[in-house]
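Worksheet: one structure, shown below.
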Amino acid sequence: MRRTRKTCPVCEMGVRVVDYKDERTLQRFITDRGKILPRRLSGTCARHQRQLGTAIKRARHIALLPFIRTTA
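In this text, residue positions in the sequence shown follow this note's numbering: the first is 6, and each later residue adds one.
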């Protein structure tokens with residue numbers, strides 16, 4: 006039995022380069038704890054997964070995204 010291949014959601018949006026300033030897009034690829042989702046769960050292609058990792062880390066560094074989410 007073969008599974009159908011997931012298509013990259015970033016490719017479907019027509020985004021060529023992932024931007025670190027687009028918080029809404031980056032939120033889709035972060036868990037509720039603030040971790041970056043792996044490729045097997047997010048379904049992104051290798052190119053966009055690398056771009057997402059870099060963009061999320063940059064957004065965290067300039068405080069657009071939290072490093073961790075705390076529940077109070």
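Don't be surprised by glycine CBs; every beta carbon is placed ideally from N, CA and C.
Bear in mind that the values here come from a model prediction, so they are computed numbers and not experimental data.
Using only the alpha-carbon positions, how far apart do residue i and residue j sit?
{"i": "Lys26", "j": "Arg38", "result": "20 Å"}
{"i": "Leu31", "j": "Val20", "result": "13 Å"}
{"i": "Leu42", "j": "Arg7", "result": "23 Å"}
{"i": "Phe72", "j": "Glu28", "result": "13 Å"}
{"i": "Glu17", "j": "Lys40", "result": "23 Å"}
Which term fits residue i, buried or exposed, when burial requires 16 or more other beta carbons within 10 angstroms of its beta carbon?
{"i": "Ile67", "result": "exposed"}
{"i": "Ala51", "result": "exposed"}
{"i": "Thr75", "result": "exposed"}
{"i": "Thr9", "result": "exposed"}
{"i": "Ile2", "result": "Coverage of the chain is limited to positions 6 through 77, which leaves residue 2 absent and any answer about it impossible."}
Our contact map puts residue i next to residue j with C-beta atoms below 8 Å; I'd like the distance itself, whole angstroms only.
{"i": "Leu57", "j": "Val23", "result": "5 Å"}
Per DSSP, residue i forms a beta bridge with which residues?
{"i": "Ile35", "result": "Ile41"}
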